[in-house]
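Worksheet: one structure, shown below.
In the numbering used here, the protein residues as written are 6 to 340.
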């Protein structure tokens, strides 16, 4: 069977769920086709990525996945992704809308290195399962967040979140029977549900409208294991390191509830009457409908505006933001 036909069969199997997925089932099943997958292969793959990304690629292994980001020379995030290893290759998973730009930029710096960079989004399928049911429905389940395992060409990654959450990666032929078995007990939901899981875990994604909007520390990557400060040079490293050791962080990422029937798009501006910044008070990172009403969002904003509690969406007449807890603590800054 050809790859095209196999993928067509998979698409027929994973019939689209509600795009906003307001329902919040105890046991949820997600097709993750809205993410793309870049395979980095070749003898120099790990060394090559070490000079490009914010995290230490030497720490990626067959049993440990990693969060990382890719910055411009000015230290602004061009993309963020999970990285995992299958066989000898490394895979970057990120929103599909950013895949082509990231792959093209990475290829610019390959030069004479023995590295291949391929879009394999349609060679592998991915699905997520979350809830107390998750581990029991899978053939095996790594026990700790970021832990992963591959058996019989099926990779399972344990992802952080406020409930057990796993991603399953493999060929359509391998995963179709497992998806069908999970679907007998789990409720299929749409991409917005997975976004909500990332929002509650405090994990940011970079979309087209937020490219170069944030330094990694503004998006809390130093708090979730997305930056190494000991690995050496990489693109944008000087700015990121200066922010960590010499600067004072003036913006950070918060979780918030925002009223309204439709979640704001990434990049939508945040307004604060107390802000005197020419760049505005902040921007939405991502948002999704909440089962508790309204929407939950990750937003990068001025720390002073968050402390003033006068933050609204777009302007003073927009919905007010109610700050919610994140699953990790902010670092203490000296005044």
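Beta carbons: idealized from backbone N, C-alpha and C, even for Gly. Quick caveat: nothing in here was measured; it's all calculated off a predicted structure.
Simplified DSSP assignment, three categories, for residue i
i, result
"residue 292", "strand"
"residue 322", "coil"
"residue 213", "helix"
"residue 112", "helix"
"residue 76", "strand"
"residue 148", "coil"
"residue 107", "helix"
"residue 330", "coil"
"residue 14", "helix"
"residue 143", "coil"
Neighbourhood of residue i by C-beta, 7 Å cutoff - its chain only, sequence neighbours within 5 removed
i, result
"residue 232", "59, 60, 221, 226, 245"
"residue 279", "309, 310, 313, 315"
"residue 187", "34, 134, 142"
Pair within 8 Å by beta-carbon distance, residue i and residue j
i, j, result
"residue 18", "residue 199", "no"
"residue 32", "residue 190", "yes"
"residue 153", "residue 89", "yes"
"residue 12", "residue 177", "yes"
"residue 76", "residue 240", "yes"
"residue 37", "residue 132", "yes"
"residue 51", "residue 63", "yes"
"residue 49", "residue 159", "no"
"residue 210", "residue 294", "no"
"residue 327", "residue 262", "yes"
"residue 260", "residue 204", "yes"
"residue 224", "residue 258", "yes"
"residue 212", "residue 102", "yes"
beta-carbon residue i near the ligand NAD non-hydrogen atom, thresh 7 Å
i, result
"residue 329", "As far as ligands go, the structure on display features none, and thus does not contain the ligand NAD."
Unbroken beta strand (DSSP E) run spanning residue i, endpoints
i, result
"residue 124", "121-124"
"residue 100", "94-100"
"residue 33", "33-36"
"residue 155", "153-156"
"residue 185", "Note, residue 185: premise wrong, no beta strand (DSSP E); alpha helix (DSSP H) at 177-188."
"residue 85", "82-91"
"residue 307", "300-307"
"residue 42", "40-46"
With 16 other Cβ atoms within 10 Å as the buried cut-off, status of residue i
i, result
"residue 242", "buried"
"residue 114", "exposed"
"residue 264", "exposed"
"residue 14", "exposed"
"residue 44", "buried"
"residue 182", "exposed"
"residue 215", "buried"
For residue i, the first and last residue of its enclosing alpha helix (DSSP H)
i, result
"residue 238", "Looking at the DSSP string, residue 238 is not in any alpha helix (DSSP H), and its letter there is neither H nor E."
"residue 249", "242-250"
"residue 131", "First-last for residue 131: 130-135, but that is the beta strand (DSSP E), not the alpha helix (DSSP H)."
"residue 51", "50-55"
"residue 205", "196-206"
8 Å CB neighbourhood of residue i in its chain, flanking five on each side removed
i, result
"residue 276", "285, 286, 316, 317, 318, 319, 320, 321, 323"
"residue 148", "163"
Own chain partners of residue i with C-beta closer than 6 Å, once the 5 adjacent residues on each side are dropped
i, result
"residue 289", "269, 271, 273, 302, 304"
"residue 123", "44"
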